[in-house]
Structures are given as C-alpha cells and as structure tokens.
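Student:
Residue numbers (the numbering used here), protein chains in the order written: chain A, 163 to 543; chain B, 163 to 543; chain C, 163 to 543; chain D, 163 to 543.
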C-alpha cells in the first residue's frame, strides 16, 4: 500500500534568514548521502509557500534560477533515499498542500507503521490522497482535525501516529520541528546569525557556519517563528531507542548525531573488533569509503599497518551496462579495484562496515585474494 | 587559436571483440578521472563507423540504447578533460570523418605544439576544419597526404607533428595506436580473450578482466587487425620524457603507468617528504582523496599516527550557488569538512598532492587550525 | 480563486473497445481546436486507472510509447483551452484521484459558478485540493458524499453544483457522461463497432468511423458499462440554453452540435448578414479560416463574387519575436497576408466571425485598404 | 551518395539592418511552407559569423535567447524540406565553415546533379566532407580554388557545378546571392529601409514590410555590402527553365514568383481546367488548402456554385498513431473531413492541385461519394 521504508532521508529547515532557500539548498547538499533519489525545497515569504522539487541530486536540481523562485525568510528541504518501487515524482518531498488553515509543507525522515490503517479511515471520511507516501497521513490528519490552531492540530494528528519521525513542517509564518518519542531518527538545532536551523546531522550546520546548539530531544516539538524557539513535549514519554545504523553507516563521519561524533564512534567500533577478534596479518585495509574509520581503529588497536588496498571509483552512475559476455565478479569491480602492489604476498585484514547480505563481500574477498596471490603485474605475451 | 591543453584526457580502444563498444564504455568509465567534460565512442562493424558522443559523464551519456547503436568488433573511446574556453560539442572526441580512403576516427591524449602553423598551411591548400582542436590537424594531414595506404599516410602526417600524443585511430578494419617519440603520455596494451586493448591506464584493463601485456613504447606504432598486432617504430628516436603529473595527480592509484604502480610511487613520495622535512606532530592527515597514499607514506616514515581528519563530500556538482551573505572560506567547505574530534588539541601535519596556486591550501589550513583549536563541539545557547 | 473560464475545452470518452486509449487520442486530435494548452488521457483496464497528460498539443504529447502505457477497454480524454493565469501542469485534465471507492477520473467542459463557495465548505471539513480548477470541487463532493454507490454520490455531488458542465467520469469499470440541465455545452453519443463514444462534437466521431446516435440531452446522465448504456434524468429540469459561440466560433464547421451542422449555420449567418446590411462591392472575402462559410453565404445571397483575398500562414507558433525596429500592424501580418492581385482596385466586403475587441479588425481593414489601393506589385529601384 | 532532392527549401538573406537575424527569422517564418524539417540562421557582426540551427519549425527553434545569440547587420537563413533518408542534424543549413579566407555560410535551394562526381574529385585532393548534402561541394570547390578573392573563387567553383541553385552566401562582410543560369528556382530582391533582402518568395518581403524590387535573373550574381548591390552575369547563358511546381504547389498564393502572382495563376489554372473539361455538377469544392484558388477559378468559369465541402484539420502533427483495428481510409481523415450537409444529394466537382500518385485522391473521392450519398446525418439506435 505504501512506499518502502525511507528511513534514510535527510531533512533541513531554517527560519529567520533572508537567504533561507539558499541555506536549505546548502543543507541538502551536505545531507546528500542520506538520499539521492530526489530533493525538494519549500520556502515561505510570509504570505505564500513556494516549491521546487525534482528527481535527482541536489546539485543537479537546484540552479540559481530555481533558488530565485524560492523567496522568503524560512524554508524546509528534503533528500529522499532511492527505493525500488514507487520512485515517482508525486512522492518527492516536501509535500505541499493548501487546506483550510492555509498552506502547509512537510518533510519527514522516518517510517509510520500504522499508515495503512490511518489512510483507510481518512478516506472513509472523504480524504483524497495525492501520493503513496506514509507521510501523507500526517497532512490529512491535520486537515481533518477539528481543533482551532495549526499547533493543536499537529499534536492531535501525531497522537494517532505510530512509528518513527523526525519531522519538519512549514506554514506561511512558522517552522515546526518534531522528533518522535523514541527519538529513532536524529534531529539537531543550530543557529546562524539570528536564524535558527533544524537538520538531520551537524555536517549541515558546518557547511553554513551555523553553531550547534543541541539535539531536539525525543518527543520534543519546537515551534520557531518571529518570537524565537518555543519547546514543548506534548506526547507520552517512551523508551529512547536510537537507530544504530546512523552510527554504522547512514550518517557522515564528520557529523555529530545522538550527541556523539560519528567518526570517533566508528573508529572505536574498529578498535573493539580488534579486541574481540584479533588475527595475525600484514596489513589492514578498508572497503572504502565508509570502512576507513573502523579499519584505522582496528589497525591502531592491533598494531598492524593500515593501507589503502582498494581504490573506489567515485564516478559511478546509477545505471550500468554490462557486456553480454560475462566478466568475473563484475558488480564490485565497477566501484572497487585492488592495488595489487599493496596486497601481493600479504596476509590481509579487510574491514567493511556495510555488509547487507554478504554477496558483495564474497566478491570483494575473492578480488583481494587474487590480488594478494598475484605476482607483480601479471604479464602475458 | 586552439583549445587549451587537454593533456589529461583518457583514451581506450579494443579490436576483435563482439561487445567492442560495451568494453570501450567500461574502459571510459574507469578512465573517467582523466576527463569529465565529455565522452564519445566510435565503433566499426567492418563496413561503417558508428559514433555516439556528448557533453557529460560516461555513466550519463551511454545508455543501453546508445551502446546498441555502436555495433561491431572494434571501437575507440575518449574522455575529455574540462577546460574553460571552447567546451563545445564540436570538440568532443573521437573525431570522426569520411575522406578519400573511407572513414577514420581519432582519439588523442596530448598536445600538438605546432598545430597553429600546420592548420594555416593546410587551409591554404583548401582544408576546412570542423573543430578548434589541435588534434584535427592530424586528420587533415592524413587526408592531404599523397601516399597510398592509411598506414603510410599516418606516418607521413605525424612526421610533421611536434608535441605529445598517445593516439588511437580507427578505420573500418583496423585499430592503430601510436605514442609520441618522447613517450610523454602513457599508453598500455592488454588482451581480453582473443581481443586486444589499448588504454591510457591499466585500471581500464582491470575492470574488463583484461591481462596487461606491456606499455606501448615511445615512438611505437601498433596496427591491430584480423592478423594480430604489428609493431613498428617509424619515427626518429627521442629522449624519453614522461609527464610527472601522471604519478602525482592524473592517474588512478590502482593503475600502472610508465611501468610503475601509482599508489606505491605516491606512498614513496610521502616517505621522501618525511625524510626531507620532518616535523614533530600528533597526527598526519591527508587532503582526500588523492592525498591519502602520500600521507600514509609520510606517517609510516615519520612514525606519527595517520588519521582521516577531513571528510570529502563526493556528491559535489559542477556548479554551486553561494548565498548572498558570505560564509567563511566557502569554496573549500562544499567539498571538505574537518572531523573536529580527530583534530582538537593536536599538532597536525596535512599532506596535499594537488596544490596549484595555494589559495585553496590556505583555506584548508585555516579550517584545520580552527578545528584543532576547537573545544569539543562548540555549544551555544 | 479559480482559474479563468475554460468553457472551450474538448472532452472525449469511449467504453468497450480494445484500443480505447488510441481512439481517445484520435478523438482529442480532432477536437484540438477546442483547446491547445494541454491534453490528457486516463484509461482503465478494469482494475486500475492509467494516466498520461502534459502541456502541449495532442500530436506532440502522445507518442506510441505513451499510448501503450494506457491499456484497457475504456478511456476519457480532455483538451484544455489556453488561458492566461494558472497554465500549470497540476491543472491538466483529466483529474485522476484515488478515494474511498477506488480510482476516479474527471474531464470537464464548462464553468462551475459556485465553485469558490463549495471549495471553502469542503476545506472546512478537511478536504485538500490538488489544483486550482473549479472542476475539482466535483471530485471532492463525490468523496465527501456519504451515499453508498458512485452513481448516487455523483448525483448527490452535482446537486450542489451551479453552472455549466459537459462532464465525463471514468472509474475502473464504468464511463459516465453528464450534461448540465441547461445544456450549455454540447455532448454527443456515438457508436463504433460494439463500443460507445461520448464527445464534444461529431467531428470526433467521423475520424474514428463512429456512427452518430444522438445528443446527450440537457440534464441527462448516461452510465456506460458492460451492460450497455443506461440513461437517467436525475436533476431538476431547467430552461435549455445553448452557448451561441459554439455555432459562431468554437465548433468545427464539419461538426454537428446542438443537432445542427455548424457549416450550414455559419453560411446562413452570412446570408442573413447580406440581407440585413447589403453594400455595393466588387468582391466578398473572408478573414480565414473561420470566416469562410459566412463569407460564402454573404456572397451567394448578395450575388457578389467570392474570393480568397487574404492568405493565412498555418505555421504560426505560440510565441513570436518582434524586431526592435517596429513594423507596421505587425501582429496581424504574421498570420495573414493579402493577395494584392485579388484586391487591387476593388471595393471589398470582408467577413470576419471572430471579432473580439476590434483592434485586430482595424489592422486587417488597413491591410486590405492598402492592398486594394496598390498598383500591381509596387516596384522600387 | 547524397541526400534526396530538397528542391523545396526556402532561403532568406538580409544585409545592412541592425536586426538582421530577427528579420531573417521572420523571413523563414513566412517561408515555412517550403520546408519544415529544420531551419537555421547565420549572422555576421563584421568580424565573426554566428550560427543557430536545429531540427523543427522556425517558431519552435528560434527563441528570443537564440535570436540574441545572432548579432550583426547581415544574416542568411534556410528552411529545409522534410525528406526521408538523411534527416540528420549535420545536414541542417546554412552550412557554416572556416577556411583560408575566413568564415563562410551557405544556404541553397536546388539540386546539384554532378555532386557525386565533384565530391570524389575533391576528396582525392584531401577535402573532408562534414555532411551528406550536395550543397557542400560548393563550399569545398571555393576552399580548393587557387584564385585570390572570395568573389572569384565562387565563380570558379560554380563553373564546375551542374544543376539548379538559388544560393545565398554570407562572409564576415558581404552577402552574395546567385541564381543558376536556367533560373530553375525563384529568388527575389527587396529593400527595407536602407537594407537589402534576398528571398525565395515575395511573401517574406511582405511580412517585414520590405518593398519588392525585382527578381534576381537567371545566371545573375549579386554582391551586397557596404557599397550597395553589385550585379554581374559571370556564367554562360542558358535556356530559361522555371520549375512549374512553384506555381502549382510549392509557393504561397500571396507570393510573386517568376514575376507572377501565384494566386492569380492558380485561379487561371482552374478556369483553364473548366474550359478543357466541363462537367455538369451542383457544386465545385476544393481539396483544402492549396486547391482553393483553382476551385474558385473553375467555379467562376463554369458558373457552378463554389462551396467548402471538406474541412482541413490544421493541428495535424508529424507522426500519427493508428489504432490496431483498422479504420477506413484513415490517412486522409486525420487531415480532411467532409461537410455532409454541403454535399448530400449533390453532384460534386472536386479540384485538387497536389495529386502525386493518386492514392490519396481515391480516398478523398470515396469520402466525398459517401458524404454525397448520405442522408442527413446518419442515425443509429
């Protein structure tokens, strides 16, 4: 019924800056690793919400011309993760609607587990959905709520919602950030000049020279407008439950999420691995790029030299045309190629932090074994 | 008169394979680092040359549909480096022409220094140039030559040419590779099954599981057709003169160029730097990605821990929209962000292998100093 | 609040034909004169509705590939008239939504006068509008209705609607056609093989070799499904009130609308004009193309020769770039040029059936006067 | 070897006007009927030639932005007729080259019959062709000529050329117009303000308010530059031989070609037909649009009423998707539909001026017979 999980999205919002859309573009730029399928920005000039969104990468979508079509002092943006299934333009966030209280835009990182049930109920009362995203139920719950203010309606709406959400909402005159009671997904608050910023990770603050203030706390709702930041905790308390994949793989190593630096955590993971499973070897190599910190930690702890035994090709595109005549362990080779000189004749420890089913790992191991077994560069005549 | 130097281009050719265009596409894919402005492939089915070329990256240009429009058993391809100036579609290589002896395609890595003079002469005899590339003089010299065979005409033509060239030529029935007498640019010969391959670097051989045979030697001309590979040295001998930037910056670390592995050379550069200018420090960090091997070499030689103190954003696009309100040392921050936890309170040695004018270096140094001087993550309230 | 009147749109629907989308494409093709801004088709394969729509002309929008993405035995289509204002893609019809009863598509020719009021009410109950079209209120009224069947809900919805509508609705399993109680806009029923067709004008029937059965009557609702055509008159009777512009200008001369052939009516208008205001003249000319029938009628009645004194350029595009240095009465000349030989020295009666404010007419008159006053082709040396 | 005949192209040139490219755009606009496949303009600012060309219609290709990229006081343009075969972008005219004497652009209406022979000779001397157009031999003959000035080289070149040509050439500082010794294709000279204009037909002069001066005569060469118009007759005299299809079908009825108004000639053709083959009938109808003048002439001469018995759909696109289930005489119906009311029960004379193989005519006749035999609009229940 709904799109697959898209827990790995990035959200960014700013209130109180004359270049709000441009800052949001920069924020999405630095959060690009959280979603490469599509991106969008909605800005407000106090009277009207403006929207630009499209399939593709932030740097390709947002031209100067497009940024200029996003006037105003506040904006929110969203990077969507590439899922199979409904990769269609109606599912690009932020979702922007007009309803009884005016305009409203929503950017969501998380997963609403009872969305199917809520949708069926809402439709029975006449709601018409525009997308196949679970996030849209939040919008309709707000529109159907009989309470008076946007603030009350949002709280009313989210009380029906189960699941994870780091959520940004933008109306004509306020920016609202909410983190689910478990705090499953990250959300941080920053400040640049007089403007406030909300973002999935601190790397987005760094790029725009914003200072990091603090995390939005689990179950917290912040309302940012001309009067500053108002915090409240309108939801029932719940057990904190952070997603471990943020540390392992999702977040950028230079970010702080859940109050800790990702690079340091990853390096410590490597050290711990060395303590738990020490092996005699000549060299420790990472599967680049994400495996580098853990491999460095392992190498330091184990006292074995670190080397960059595999080179990653950063120009890899979305699609890839394989020749009809098969080539050995192809999928891996497009991205990764061993440095034979650095591996030949050596016992190699390889550290990978993004093993999903292990099929790729097998190919990587085979590739490394071949390189380690190779004579200098093999010559044929 | 001509386009700027485009010495950093990549060339790839294959003869004798049913998937020639697809292999060439893969070869260009792995040589993408040598040129990102445009790419093209010309294939031959024995009767006719077929061409597909465009501005952009290999992965974006070549769809399955386009590969299917490149039938035949032999092909050459070219990656063009982004120069300012004449970045126009008529300058995309391979150059493909029809002349008295049939079709002829050319892919050139190098720089012809007397191209202006040759062009003026050729035009005086009625030649009409189609592009503003120096490479086109080679084509017209071949067309104007009064000798009988393509082979003779090529030798005749190149005897007038001064400068550097690793050159691939494709006619309906043969693939020709030539390296200038100085051997300024690299060119290697490989074999995949029964097919022969010519490429700028060995990383292109690795991707398609081709075996590395040897370098094409300075001043050598190889003619590859149904009878195999015929080698000759038709030009006057010259002093060997390899371009040092191939080792420092152009080539991929997993490649072998000029007979040596690039990664090992770069690491040795780092070691040598440590020997020449040793400094007391707490950590050695690279400017990623290209600075990693030299930084590792330096760290090993100096006995100082290596760390990844700067993270590179690999999603950076071609254009970038800066906010009107300036942000400190912006240009660098889009690509690079320090890991404050890894730098704070430390004396840092930073290794960069691609300093051009040093303006970027100043910004990087300032960024690192700020991070080293930072308290934990700075908090504001 | 809503888009400008778009009374001149064209609608077409077919039920019971294996090539339903292709027939609809042909129908829109022949109704292109009723709207050139955008076009769309929604088809049903019995389980799911499929939609293709875009800005532009039918012949440009619908490729074979797109038609193939519209499977099924029933379809509706819409040509939208170019209005200033909200010419945006969300306003392209057919409108397609999913709601509690399943999928529903709507194509509307007409103008709902109380749409603003209805929209405000619907939003108060939580409806979220997707477009700025008055037509969308019909969809939401249907979704909000508490009645059980689609048929009942449509009748319920339209009882709140005031204004003009020739309306086609398509669900997964039925095609519904409705004409407002006044019958302001045309709608005809035809048959091709075993399939039934609904269209704004009979010229759409002619193109697909469909037989003309009859007009849908004012206030009539026809439901077409596997059981055939079921007619009902669920609305209160009203005074018939046909839009006279259909005869004068909107409809194609080869069509039958409101039971009469447009060409014959226009010719009769010309005859009547000759009776009412006879003038002595040497020649009667039309402003082509629409003025031809009336001019022929005038000429016949008045006994004055008819001639084609003005030639129309049919390649005129949407935009037009005028030179900075002005040219006399330019706007007209792009489309129309006099045949000086046919006019020189003559007293000319010119018949125009599409005068709006008369500014264009003044330019045409001046152009004709100049041509009539011209010597042979003026020569300069 | 070469492209099919493209005798129906349109050419336009202007010298001495600050809006030269804009006037050329207007000229091509009004000559669009002579070629709809592609169009291009080359302008000169005295120092450099500027080019914009593409597949498609003039109104679609030339945006304000593109016109602004064509600065200067002189320009030539070309409309290319849609041929099957080599409809590729390299064949769009004007051809623009740089050669020993500078830049040169060429726009050609006609057909060079010995182009194959000339091309083989030119290639033997080292020429490299860029297109598959016969017109390109003229450019290479000019480049290969050993004479000193452009003017001399053009005469030298054309002395080798056999066939038809109305030719415009533009260098940095002059506009040259040439008509072949037989005068097979039309070319007229006009004046707008102080600027001179060359065009295929006078309708292009009318649109820009230029005065018609005279035809360029068969075998005449006019050189237009800052000194005015210099005429010469450098070629051997030949029998005049005008292409009759210009009168019958190619040219616009409001144009003067070969010194005569096309509309009047066509009407006279109709009168002559009536004299030669008189038939008793109730009505004379044209196959629109081109058949109207001849039908009017026939009707006048025969004393039979003229009527518009067939309506043409002017929105017909290039491609057309037919339903799998055949529809009777389809190809014709997309464009033409009978007005049954005007034909029923009548004996009909139909005048068509563009019969090629007669297959379309058979379908039209059948369509008219059906309409004439029809009762009022046929009703089915």
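Ideal Cβ positions, reconstructed from N, Cα and C, are used throughout, including at glycine. Predicted model only: the values in this text are computed from it and were never measured.
Looking only at C-alpha atoms, which of B:231, B:333, B:364 and B:219 sits nearest to residue 414 of chain B?
Tutor: As a working note, residue 414 of chain B is residue 252 in the second chain. That would be B:364, whose Cα lies nearest to the Cα of residue 414 of chain B.
Student: Looking only at its own chain, which residues have a Cβ that is under 6 Å from the Cβ of residue 215 of chain B, when we skip the five neighbours before and after it?
Tutor: Counting from 1 along the second chain, the entry for residue 215 of chain B is found at position 53. Cβ neighbours of residue 215 of chain B beyond the five flanking positions: 202 and 254.
Student: Rounded to a whole number of angstroms, what is the C-alpha to C-alpha distance between residue 472 of chain D and residue 407 of chain D?
Tutor: To locate residue 472 of chain D, count along the fourth chain from 1; it is residue 310. To locate residue 407 of chain D, count along the fourth chain from 1; it is residue 245. Cα-Cα distance, rounded: 24 Å.
Student: Is it right to say residue 206 of chain C is buried, meaning 16 or more other beta carbons lie within 10 angstroms of its own, or is it exposed?
Tutor: The sequence position of residue 206 of chain C within the third chain is 44, counting from 1. Answer is buried; the Cβ neighbour count reaches 16.
Student: Bridge partners of residue 200 of chain C, per DSSP?
Tutor: Counting from one through the third chain, the residue named residue 200 of chain C turns up at place 38. In DSSP, residue 200 of chain C forms a bridge with C:217 and C:242.
Student: For residue 450 of chain D, which residues from the same chain have a beta carbon less than 8 Å from its beta carbon, with the 5 sequence-adjacent residues on both sides left out?
Tutor: As a first step, residue 450 of chain D is located in the fourth chain; it is residue number 288 there, counting from the start. If we look at residue 450 of chain D and ignore the five residues flanking it on each side, its Cβ neighbours are 470, 472, 473, 474 and 498.
Student: How is the alpha helix (DSSP H) around residue 302 of chain D delimited, first residue to last?
Tutor: Mapped onto the fourth chain, residue 302 of chain D falls at position 140. 298–306 is the span of the alpha helix (DSSP H), which, as asked, contains residue 302 of chain D.
Student: Would residue 362 of chain A and residue 328 of chain A be called neighbours here (beta carbons separated by less than 8 Å)?
Tutor: Here residue 362 of chain A refers to the residue found at position 200 of the first chain. Here residue 328 of chain A refers to the residue found at position 166 of the first chain. A contact, by the Cβ cut-off of 8 Å.
Student: Would you give the residue range spanned by the alpha helix (DSSP H) that residue 527 of chain B belongs to?
Tutor: In the second chain, counting from the first residue as 1, residue 527 of chain B sits at position 365. First-last of the alpha helix (DSSP H) with residue 527 of chain B: 521–535.
Student: Please tell me whether residue 288 of chain B has its Cβ less than 8 Å away from any Cβ of chain D.
Tutor: Counted from its first residue, the second chain places residue 288 of chain B at position 126. Residue 288 of chain B counts as touching chain D.
Student: So residue 394 of chain C is in the beta strand (DSSP E); what residue range does that whole segment cover?
Tutor: The residue you call residue 394 of chain C lines up with position 232 of the third chain. First-last of the beta strand (DSSP E) with residue 394 of chain C: 390–394.
Student: Along chain A, in chain order, which residues have C-beta atoms closer than 8 Å to that of residue 302 of chain C?
Tutor: Within the third chain, numbered from 1, the residue matching residue 302 of chain C stands at position 140. Under the 8 Å cutoff, chain A gives 288 and 290.
Student: Suppose the cutoff is 6 Å on Cβ atoms and the five residues either side in sequence are ignored; what does the same chain contact list for residue 340 of chain C look like?
Tutor: If you number the third chain from 1, residue 340 of chain C lands on position 178. Correct list, in chain order: 329 and 383.
Student: From this set, A:184, A:178, A:174 and A:171, which residue's C-alpha is nearest residue 484 of chain B's C-alpha?
Tutor: Walking along the second chain from the start, residue 484 of chain B turns up at place 322. It is A:184.
Student: If you draw a straight line from the alpha carbon of residue 258 of chain A to that of residue 179 of chain A, how long is it in whole angstroms?
Tutor: Position 96 of the first chain, counted from the first residue, corresponds to residue 258 of chain A. Position 17 of the first chain, counted from the first residue, corresponds to residue 179 of chain A. Approximately 21 Å, taken between the alpha carbons.
Student: Closer than 8 Å, CB to CB, is residue 180 of chain B near chain F or not?
Tutor: In the structure shown, chain F cannot be found, because the protein chains are A, B, C and D.
Student: Quick check: is the beta carbon of residue 454 of chain A nearer than 8 Å to any beta carbon in chain B?
Tutor: The sequence position of residue 454 of chain A within the first chain is 292, counting from 1. With 8 Å as the cut-off, residue 454 of chain A counts as an interface residue toward chain B.
Student: Near residue 265 of chain B, what residues of its chain come up, given a Cβ to Cβ distance below 8 Å and the 5 sequence neighbours on each side ignored?
Tutor: Against the second chain, residue 265 of chain B aligns to sequence position 103. The residues are 206, 210, 211, 258, 259, 333 and 334.
Student: Would you say residue 220 of chain C and residue 194 of chain C are within 8 Å of each other, going by their C-beta atoms?
Tutor: Along the third chain, one-based indexing puts residue 220 of chain C at 58. Along the third chain, one-based indexing puts residue 194 of chain C at 32. Closer than 8 Å, so yes.
Student: Scan the region 425–488 of chain B and note each continuous beta strand (DSSP E) run of 3 residues or more that stays entirely inside, going in chain order.
Tutor: Runs found: 445–448 and 472–474.
Student: Identify the residues that DSSP records as bridge partners of residue 353 of chain D: which are they?
Tutor: Stepping through the fourth chain from its first residue, residue 353 of chain D is reached at position 191. Paired residues: D:358 and D:373.
Student: Under 8 Å by Cβ, that's how I've got residue 500 of chain C and residue 514 of chain D pegged, so tell me the actual separation to the nearest angstrom.
Tutor: As a working note, residue 500 of chain C is residue 338 in the third chain. As a working note, residue 514 of chain D is residue 352 in the fourth chain. With 8 Å as the limit, residue 500 of chain C and residue 514 of chain D do not qualify as a contact, their Cβ atoms being about 25 Å apart.
Student: Three-state secondary structure (DSSP) at residue 206 of chain D?
Tutor: The count along the fourth chain starts at 1 and reaches residue 206 of chain D at position 44. In the structure shown, residue 206 of chain D sits in a strand (DSSP, three-state: E or B).
Student: Compare the C-beta of residue 299 of chain D with all C-beta atoms of chain B and state if any pair is closer than 8 Å.
Tutor: Here residue 299 of chain D corresponds to residue number 137 of the fourth chain, with the count starting at 1. Chain B, which has no Cβ nearer than 8 Å to the Cβ of residue 299 of chain D, makes this no.
Student: Between which two residues does the beta strand (DSSP E) holding residue 192 of chain B run?
Tutor: Counted from its first residue, the second chain places residue 192 of chain B at position 30. No beta strand (DSSP E) contains residue 192 of chain B, which is instead part of the alpha helix (DSSP H) from 182–192.
Student: Applying the 10 Å Cβ sphere with the 16-neighbour rule, what's the burial state of residue 242 of chain A?
Tutor: Position 80 of the first chain, counted from the first residue, corresponds to residue 242 of chain A. With 16 or more other Cβ atoms within 10 Å, it is buried.
Student: Between the region 249–280 of chain A and chain C, which residues of the former have CB atoms less than 8 Å from a CB of the latter, in chain order?
Tutor: Listed by position along the chain: 259, 260, 261 and 262.
Student: Between which two residues does the alpha helix (DSSP H) harbouring residue 493 of chain D extend?
Tutor: For this step, residue 493 of chain D is matched to residue 331 along the fourth chain. Residue 493 of chain D -> alpha helix (DSSP H) spans 492–497.
Student: If you draw a straight line from the C-alpha of residue 536 of chain C to the C-alpha of residue 507 of chain C, how long is it?
Tutor: Locating residue 536 of chain C in the third chain gives position 374, counting from the first residue. Locating residue 507 of chain C in the third chain gives position 345, counting from the first residue. Going by the C-alpha atoms only, they are around 7 Å apart.
Student: In the DSSP assignment, find the unbroken alpha helix (DSSP H) run with residue 278 of chain C in it and report its ends.
Tutor: Start at 1 with the first residue of the third chain, and residue 278 of chain C comes out as number 116. Note, residue 278 of chain C: alpha helix (DSSP H), 277–286.
Student: The region 327–350 of chain A: which residues have C-beta closer than 8 Å to a C-beta of chain C, in chain order?
Tutor: The region 327–350 of chain A vs chain C, Cβ under 8 Å: nothing.
Student: For residue 344 of chain C versus residue 396 of chain C, is the C-beta distance shorter than 8 Å?
Tutor: For the purposes of this step, residue 344 of chain C is identified with residue 182 of the third chain, where counting begins at 1. For the purposes of this step, residue 396 of chain C is identified with residue 234 of the third chain, where counting begins at 1. For residue 344 of chain C and residue 396 of chain C, no; Cβs fall outside 8 Å.
Student: If you measure between the beta carbons of residue 262 of chain D and residue 286 of chain B, is that distance less than 8 Å?
Tutor: Here residue 262 of chain D is taken as the residue at index 100 of the fourth chain, counted from 1. Here residue 286 of chain B is taken as the residue at index 124 of the second chain, counted from 1. For residue 262 of chain D and residue 286 of chain B, yes; Cβs fall inside 8 Å.
Student: Please check if any C-beta of chain D sits within less than 8 Å of the C-beta of residue 430 of chain C.
Tutor: Locating residue 430 of chain C in the third chain gives position 268, counting from the first residue. For residue 430 of chain C, the answer is no, since every Cβ of chain D falls outside 8 Å of its Cβ.
Student: Short of 6 Å in beta carbon distance, which residues of its chain neighbour residue 466 of chain D, apart from the five on each side in sequence? Order them along the chain.
Tutor: Here residue 466 of chain D corresponds to residue number 304 of the fourth chain, with the count starting at 1. 443 and 446.
Student: Keeping to the same chain, check which residues put their C-beta closer than 7 Å to that of residue 372 of chain D; ignore five residues upstream and five downstream.
Tutor: As a working mapping, residue 372 of chain D is identified with position 210 in the fourth chain. These residues qualify, in order along the chain: 352, 353, 354 and 359.
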